[in-house]
Amino acid sequence: MRVPYSWIKEFLDIDIPAEDVAQRLNETGIETVVEKFGKKVENSVVVKITSVKKHPERDKLLICEATDGKRKYQVVTAAKNVFEGAKVILAKVGARIKDLVIKPVKFGSVLSEGMFLSLEELGISEKAEGIFILPDDVKEGEDPNRLLGLGEEDIFEIEITPNRGDALSVRGLSREIGAVFGIKRKEKLPVVSIAQEEIPQIELLTEKAYRYRGVIIKGVTVKPSPFDIQLKLIKSGQNPINNIVDITNYILLQEGQPLHAFDLKKIEGGIKIRNAKKGEKIITLDGEERSLRPEDIVISDNSKVLAIAGIIGGENSKVDENTTDILLEAAVFDNISVRKTSKRLALSTESSYRFERGVDIENLPNAQDKAIELITKLADGEAFGEKDIYPDPYEPREIKLREKTTKRVLGFSISKEKAKQILERLEIPTQIVEDGTVSKIPAFRSMDLEREIDLVEEVGRLEGLNKAKETFPKIPVESFRKSEEFQFELRTRDFFKDSGFDEVVTYTFVDEEIYNILGIPVPPIRIKNYLLKTQSIMRDNLAVSLIKTLIHNLRFQNRDIKIFEISSVFFEEHEEIRTGMLATGKAVKGFNYTKGNRSFSTQISWDFLKLKGVIESYLKTLGFFDIQLRPSEKSYLNPYESAELFIEGQNVGYIGRIHPKKADILEIPKDVYISELKLRYVLRKLSDTAVEKEGYLFNLFKNRPLPVFKELPKFPSVKRDIAFEVDESVQVDKLLKAIKESSEHVGRVELFDVYYIDENRKSVAVSVDFRAEDRSLSDEEVNSIVKDMIESLKDKFKGLKLRT
Amino acid sequence: MNLKDQIESLGKEAVELIKKVESLDKLNSLRVEYLGKKGKLKTILKTLGKLSPEERKEIGQLANRIKEQIEDLIKEKEVQLKEKALEEELKKHKIDITLPSAWIEAGSSHPIISTLVEISQIFISMGFSVAEGPEVEKEEYNFDMLNIPKDHPARDMQDTFFLNNGDLLRTHTSPVQIRTMLTRKPPIAVIAPGRVYRKDADPTHSPMFHQIEGLLVDTDVTFTDLKGILKIFLESVFGKNVGIRFRPSYFPFTEPSAEVDISCTVCGGEGCRVCKGTGWLEILGCGMVDPNVFEAVSIDPEKYTGFAFGLGIERIAMLKYRINDIRLLFENDMRFNHQFKGIR
Ligand SMILES: [Zn+2]
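So the sequences go chain by chain: Y and C. Numbered by this note's numbering, the letters in the first sequence go through residues 1 to 804 in order. Numbered by this note's numbering, the letters in the second sequence go through residues 805 to 1148 in order.
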């Protein structure tokens, strides 16, 4: 909301610099910035256009003759709204508009001695159509800077929080400023006489209108408003239209009371305020046809809808230049009802904006009378009759504010005397009682002052929240919890960062398309009112986002990518935090050395086992040593280079290489390795249900056995290298495990060679330490252990034999 | 030449030769030539039998002295030569220590997560614990129970993404307040970091962003306590000299409410483009828990008071690292991300 300081001064005797006013408003809860009105234009003058004719060579241009009373100017313009007799502002030669200095310019054969200005060039509005036409009562030859207050007049740009509808007017803002500075608000009450000759027929048929007052005004002349009214509207950011409409807007801005003027002659029969009927339609003042629903409140006559209550009027009853008689409406409609309709129609107006936030029902006649006074004066109208329907007059609610509540909430005391003083400055009648104050809440604050706490806020904000001295609470001992899940995440994050992965943060909403490409079902949770279709599906895995990040980076020739993210994925019944990794290109880059100072570049590329190594290493830092792998069936992974990971029978994630066919479609390299871990979710699910009841407390390591110290071996071990030949299908991991478990005397088992003899056979060579706790083993003993081992392995592994 | 002179001249000869030796092999052959079983010293001593016992004793002692002298010299020379050989060997394999490293290079931190973690740790160190809640949230928790009724203009403050399952993407971390108060009895001191969503996208707004919510509920929590905690926090993040300003504001779930500004971190308060000339930057919203919120979670507002605050992580991260477009934070262009190595 834009409010000229000069308008405020009509309600307050105040001489404080605008910047200081703005600062205090900010400190007491109303966001305010001060701006200057327009930009000063040197070398400009008000001129009257004396003739308009077409340019002889250029059909889009007009040639205007104009005068400032002293001399004549010839100006070429492209604006279409100039006419003979119009008063406009001329930037003369030498004037500076933005970065342009006005010079005499020839358009074809015609010389132009300046430029007519629009509101945009005057720095008044962001965008303007046509030249700014001044009202007739302005004299040519005037200095536009002085006339308009360009670059001089202070304008408050106000942003009101939703609870402060009462401040959405010059009147309300003056009240607030008055309270802040302790200045009493003044008001010039309207003097009107309303004859009782023709009482409007008004029927209130809904509970969603709390008051409706209609006044018939006859004999009006619709014409442009006088300069001062127009200027106030322009300064407040509105466009003048005609005197009747301008006056309703003027009162809305000044009093916060929306008004609407109907052309009386266009109304058939009486006025009804009622719910819309199913299928009813109206063409509103913005030219749109609107379909109405029964929950909408409308103003209608006997045959048609005239306006949507509290939001906008209709074309069919609008005031135009031929209007002579009007019905002036002032009403208060239900805020929720107005909001619902306004939301549904996606139509927010100055009027609906104020009704949603509450309009002062008690000020209604005063505001409307001020409009009538102006219409009588400026449009020659005469008030013929009124009807005011107000079924349930406002009863002020009483709220008690205890001194101890103020202290308990704010942490500092405000005496009841001080509280009374503050509240009365806000025009809230207040009495002192034994333990505090009792206030009668006036209608203009009835929307937001309902409880004691609301008054605590009022006295607090005006006393000054900023200057209150800080105190330090004791943080309750009961809440010293360990934040285990958070710590778990930090640990995970540190591990992957230290292992060379770059942390990424991606959007959790993704494109359906990537699911189709990867050949996996599109997840069920979708955003209905998405911003972009490509950001409308709530992902159910991290791979889609990591792949998208890879694609983005490939565009910048970044081929070596190691990234991870810890973030959410979504399912119908739950969501979970996962850790996702993607790696492609080189894992390590650097140089190796040979003799004689020569070096050569070395690169270690990512492969399945390397990423598996990273994941296993991570799991080991968490104490998980026994990880089982089973082939993965994920359609986007290469089936021969991928695995599902299991810990204690629970699927905790996967590792795999992108399927080459998917890589081709996605235009990404084929050596992309992806892994996702859902450890946190699994661990939480496994953890005690009693813990779940505690909220989100996570006892990851509570049930895990601690390592138990074993004596170090006292006798040396015997090392033997053994080479086996097995069928290709034998899993090395299982073979190593079987060797380890074959005898109590087997210590360390180390794989040192694997190679394929042919398509069906492979060789596996291991180095095994044999030892006993109580003695050194003899060669004969070791030979016998090895022999037994080989026998037992032959039973378990297909085609196993010893290689010699 | 008598035997004595012969031995002494042999000694001199050997010493001269050993001093000049430059290789271990040569040194070895000298050792054999002079001290070996068939060496020159032994050969001379073979003639010893012809001498008288007195002379034999005298010559024997001389020969031993010469032998020891040669042996010592050889030992000394041997150490020298080995040192030299090692030095040469090492020198031959000298490396250019400035060549690029060949090990895994630690990855970069994302500035959002880094900031979020840093802020969380400050509150954890004050005794707050971390609470969490879902991002797909019920309308009731996101709005109604936070005193934001349906059809109230306050809902316009947050443009919401609605989901096909009837839920919504939480517009703030405040529903975690509700979830926490429904499951725990006061006293409560929690923070809730997390992703939140609003239907908004431009250089300063992202449809997904991060917040940290804070909540303290106890029998005697006051607004000045809130000021105290936030002062510690803001000074930890922005330094001891940061200016702090509390402006009364409005949030449906707190009353009184305030917005907190800090003195502009770019211009120090003089006014610049970042602070739009005001010298202040809006950094967080806070207030005393509204009694209606307490009633929604069955906590007696006559017995307990509490404060809550919420702050946007992106804004703080952008100020901290002078990032001028929020979209950069979510593109994950490695040319951007790699600028954030070595931060927490
Ligand atoms: Zn600044």
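Each residue gets a CB set at the ideal place from its N, CA and C atoms; glycine is no exception. Quick caveat, the model's predicted, so the values are computed rather than measured.
- DSSP, read as helix, strand or coil, puts Y/Glu513 in helix.
- Counting other Cβ atoms within 10 Å of its Cβ, Y/Phe83 stays below 16 and is therefore classed as exposed.
- Between the beta-carbon of C/Val883 and that of C/Arg1148 there is about 53 angstroms, and that puts the pair past the 8 angstroms contact cut.
- Taken from the Cβ of C/Val1046, every heavy atom of ligand 1 lies 7 angstroms or farther away.
- Here Y/Thr492 has Ile566, Thr579 as same chain residues with Cβ atoms under 7 angstroms from its own Cβ, once five neighbours each way along the sequence are excluded.
- Interface criterion not met: the Cβ of Y/Lys36 is under 8 angstroms from no Cβ in chain C.
- Proximity of chain Y to C/Ala1062 at the Cβ level (cut-off 7 angstroms) is accounted for by Leu465, in chain order.
- The beta carbon of Y/Ser348 is closer than 6 angstroms to those of Ser342 in its chain, skipping five residues each way along the sequence.
- Y/Trp7: member of the alpha helix (DSSP H) spanning 5-8, first to last residue.
- Shortest gap from the CB of C/Cys1090 to any heavy atom of ligand 1: 7 angstroms or more.
- Near chain C, meaning a CB-to-CB distance below 7 angstroms, the residues of the region 322-340 of chain Y are Ile336, Arg339, Lys340.
- Counting only residues of its own chain and dropping the five nearest sequence neighbours on each side, Y/Leu292 has a CB closer than 6 angstroms to the CB of Ala276, Glu280.
- Residues are counted here when their Cβ sits less than 9 angstroms from a Cβ of chain C; for the region 568-589 of chain Y these are Ser568, Phe570, Glu572, His574, Glu575, Ile577, Ala587, Val588, Lys589, given in chain order.
- Measuring C-alpha to C-alpha distances from Y/Gln23 to each of C/Pro1052, C/Pro1011, C/Pro997, C/Arg1126 identifies C/Pro1052 as the nearest.
- For C/Met1122, the three-state secondary structure derived from DSSP is helix.
- Closer than 8 angstroms to the CB of Y/Asp502 there is at least one CB belonging to chain C.
- Using a Cβ-Cβ distance cut-off of 8 angstroms, the region 1077-1093 of chain C and the region 931-950 of chain C are not in contact, since fewer than three pairs of beta carbons, one from each stretch, lie closer than that value.
- By the Cβ-count criterion, C/Leu852 is exposed, with fewer than 16 other Cβ atoms from all chains shown falling within 10 Å of its own Cβ.
- About 6 angstroms separates the Cβ atoms of Y/Asn316 and Y/Lys304, confirming a contact at the 8 angstroms cut-off.
- Where Y/Ile475 is concerned, there is no enclosing alpha helix (DSSP H), because DSSP gives it neither an H nor an E.
- When the beta-carbon positions are compared, Y/Ile89 and Y/Pro162 stay at least 8 angstroms from each other.
- Under the three-state reduction of DSSP, Y/Val522 is assigned to coil, being neither helix nor strand.
- Within chain Y, no residue has its beta carbon less than 9 angstroms from that of C/Val1046; the closest one is some 14 angstroms off.
- Look at C/Gly1043: its beta carbon is at least 7 angstroms from all of the heavy atoms in ligand 1.
- Listed in chain order, the positions of the region 1098-1131 of chain C with a beta carbon within less than 7 angstroms of a beta carbon of chain Y are Thr1109.
- Not one heavy atom of ligand 1 lies closer than 7 angstroms to the C-beta of Y/Val82.
- Distance from the C-beta of Y/Val33 to the nearest heavy atom of ligand 1 is not below 7 angstroms.
- Here DSSP, grouped into helix, strand and coil, assigns Y/Val359 to coil.
- Scanning C/Tyr1054, C/Pro979, C/Glu837, C/Pro1011 for the CA closest to the CA of Y/Tyr530 turns up C/Pro1011.
- The C-alpha of C/Glu880 lies about 16 angstroms from the C-alpha of C/Tyr838.
- Residue side-chain check: Y/Val41 keeps its Cβ at 7 angstroms or more from all non-hydrogen atoms of ligand 1.
- Contact between Y/Pro200 and Y/Lys387 holds: CB atoms are separated by about 5 angstroms, below the 8 angstroms threshold.
- Along the region 975-989 of chain C, going in chain order, the ones with a CB nearer than 8 angstroms to a CB of chain Y are Arg983, Thr984, Thr987, Arg988.
- Residue pairing for C/Cys1090: DSSP places it in a beta bridge opposite C/Ala1062, C/Phe1113.
- Think of a sphere of 7 angstroms around the beta carbon of Y/Lys469: the chain C residues whose beta carbon falls inside it are Thr1028, in chain order.
- Residue burial is scored here from C-beta neighbours: C/Glu1063 has at least 16 other C-beta atoms within 10 angstroms and is therefore classed as buried.
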